[in-house]
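First residue of the sequence shown? That's 1 in the UniProt record's numbering, and the numbers climb one at a time after it.
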Amino acid sequence: MTAVLTCGNADSRPRGRRFLPPGRPDLAERAKRAIPSFVGVSDYGVRMNRSTKDDTTTARRSAKDQAEKHGGEDGALGVRIAPGSTVDVTAIDPGSTPGVDQDKEEGEKALAEGAEKLSEVQERLFAAAHGTEDGPAVLLVVQGMDTSGKGGIMRHVVGAVDPQGVDITAFKAPTDEEKKHDVLWRIEPHAPAPGMIAVFDRSHYEDVLIHRVHGWADEAEIERRYRAIDDFERGLVERGTRIVKIMLHISRQEQGERLLERLEREDKHWKFNPGDIDERAKWDDYMEAYSRALTATSTEHAPWIVVPADAKWYARLAVQDRLLAALREIDPQWPAADFDVAEQTERLRATL
1 MTAVLTCGNA DSRPRGRRFL PPGRPDLAER AKRAIPSFVG VSDYGVRMNR
51 STKDDTTTAR RSAKDQAEKH GGEDGALGVR IAPGSTVDVT AIDPGSTPGV
101 DQDKEEGEKA LAEGAEKLSE VQERLFAAAH GTEDGPAVLL VVQGMDTSGK
151 GGIMRHVVGA VDPQGVDITA FKAPTDEEKK HDVLWRIEPH APAPGMIAVF
201 DRSHYEDVLI HRVHGWADEA EIERRYRAID DFERGLVERG TRIVKIMLHI
251 SRQEQGERLL ERLEREDKHW KFNPGDIDER AKWDDYMEAY SRALTATSTE
301 HAPWIVVPAD AKWYARLAVQ DRLLAALREI DPQWPAADFD VAEQTERLRA
351 TL
């Protein structure tokens, strides 16, 4: 069977004046206009601190409270979107930690412990496919707004397993050649091979999200793409693929803080794209696009999991939890030896 599934350092910045990149006052001014004043350039000290008692209480809203709105309670981390439900992603608090009653320090410890378990079961998955042309595999699909933590998932969750058993594809804007074909043409070759964990950093869902927001496809075409995506994912399932899809759900306020961090730190300038501010202005349109896409494509064979992502440690822990659960459902076993173990042991001992 193949399973398709569908993170940070301590802040060491000065606690006084915010510093912006030299020579780019245009970016600084655009950022100040686009991002709320509570994270203003000269007001770093009022940045929300989620370690305070009140914020922690808010962030620990129970999984039941979150999931009952969508009928998605299933005992795991994140919020499972029940097939057939009508989704409003804005009803899910990005600062919550559904399914977890622990703080950041405890969560990071749990992530480290989970990494060892994930590595072991992933090795069994990889080994089980050795010498075969079929068998289980995993596809981890990670969607989210800019700065939602996709890169952190790659480093802190996927990075915990043997790299020879992982295939990561980051889907950028389509090339001229890719634009000549159906939207799934560039996706299908990256489906996971037996024994592999394939990871999509963004995915085929870009073509029903950004294309809807920008009006690059009309409503009829978006609906056709929903159906094509469902057919594609169903085909993977029928070939033994188990599907879980992750939406990293960040708040607009938190995104603003993270974008400002990219502007003020030289080691993060390379991550900043001026177009991020333009896309940020369409925030409500993106939330609507996500809500409609999740409503249309959360199925029994490929359900969506919305992971609140304002707390990076929680998002990483939740994705790890879902990935580990899917691998355990596959329950890959060590392959039996295709040789006489006793005979080969005797031969080896003769050389000692």
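Here a beta-carbon is modelled for each residue, glycine too, at the ideal position from N, C-alpha and C.
Fair warning: this is a prediction, and the values are worked out from it, not measured in the lab.
If you draw a straight line from the C-alpha of residue i to the C-alpha of residue j, how long is it?
| i | j | result |
| --- | --- | --- |
| Leu323 | Asp167 | 15 Å |
| Ala315 | Pro98 | 10 Å |
| Phe200 | Lys271 | 19 Å |
| Thr241 | Met154 | 21 Å |
| His249 | Met145 | 8 Å |
| Thr169 | Tyr226 | 21 Å |
| Val39 | Ala302 | Confidence in Val39 is poor, its pLDDT being 29 and thus under 50, which makes the residue's placement unreliable; the coordinate value appears in the next sentence. So the alpha carbons of these two residues sit roughly 38 Å apart. |
| Val161 | Ile197 | 10 Å |
| Gly135 | Glu261 | 44 Å |
| Val157 | Met287 | 26 Å |
| Gln102 | Leu118 | 21 Å |
| Gly149 | Ile330 | 27 Å |
| Asp207 | Asp338 | 46 Å |
| Glu233 | Ala326 | 16 Å |
| Thr132 | Leu259 | 46 Å |
| Glu343 | Arg349 | 10 Å |
| His181 | Ile187 | 11 Å |
| Ile210 | Pro189 | 22 Å |
| Asp267 | Arg224 | 42 Å |
| Asp230 | Glu219 | 17 Å |
| residue 353 | Leu140 | Because residue 353 is not part of the residues shown, which for the chain are 1 to 352, the question remains open. |
| Arg124 | Tyr205 | 30 Å |
| Val79 | Leu317 | 13 Å |
| Asp285 | Ala128 | 44 Å |
| Trp313 | Thr351 | 51 Å |
| Val138 | Leu184 | 18 Å |
| Gly45 | Glu120 | Below a pLDDT of 50, predicted positions are generally treated as unreliable, and Gly45, at 24, falls in that range; no measurement from the model is reported. |
Could you please give the first and the last residue of the uninterrupted beta strand (DSSP E) stretch that includes residue i?
| i | result |
| --- | --- |
| Met247 | Thr241 to His249 |
| Gly152 | Per DSSP, Gly152 belongs to no beta strand (DSSP E); it is in the alpha helix (DSSP H), Lys150 to His156. |
Assign residue i to one of three DSSP states: helix, strand, or coil.
| i | result |
| --- | --- |
| Ile168 | strand |
| Arg80 | strand |
| Val183 | coil |
| Arg33 | Confidence at Arg33 is low in this model, with a pLDDT of 43, below 50, so the placement of that residue is unreliable and no value is reported for it. |
| Ser298 | coil |
| Tyr205 | coil |
| His130 | coil |
| Pro136 | coil |
| Gly107 | helix |
| Asp276 | helix |
| Gly114 | helix |
| Val213 | helix |
| Ala122 | Note on identity: in this sequence residue 122 is Gln, with Ala being the wrong assignment. Looking at Gln122 - three-state DSSP - the assignment turns out to be helix. |
Any idea if residue i is buried or exposed, counting beta-carbon neighbours within 10 angstroms, 16 or more meaning buried?
| i | result |
| --- | --- |
| Pro192 | buried |
| Lys245 | buried |
| His130 | exposed |
| Arg347 | exposed |
| Arg328 | exposed |
| Thr86 | exposed |
| Trp334 | exposed |
| Gln164 | exposed |
| Pro332 | buried |
| Thr175 | exposed |
| Arg239 | exposed |
| Arg307 | This sequence places Val at residue 307; Arg is not what is there. Buried is the call here. |
Just list the residues that DSSP pairs residue i with in beta bridges.
| i | result |
| --- | --- |
| Phe200 | Val141 and Thr169 |
| Trp304 | Lys245 |
Which residues mark the beginning and the end of the alpha helix (DSSP H) in which residue i is found?
| i | result |
| --- | --- |
| Leu352 | Segment: none, Leu352 is in no alpha helix (DSSP H) and carries neither H nor E. |
| Arg258 | Arg252 to Glu264 |
| Asp231 | Glu219 to Glu238 |
| Gln320 | Lys312 to Ile330 |
Under a CB-based cut-off of 7 Å, is residue i close to chain B?
| i | result |
| --- | --- |
| Gln164 | In the structure shown, chain B does not exist; there is a single protein chain. |
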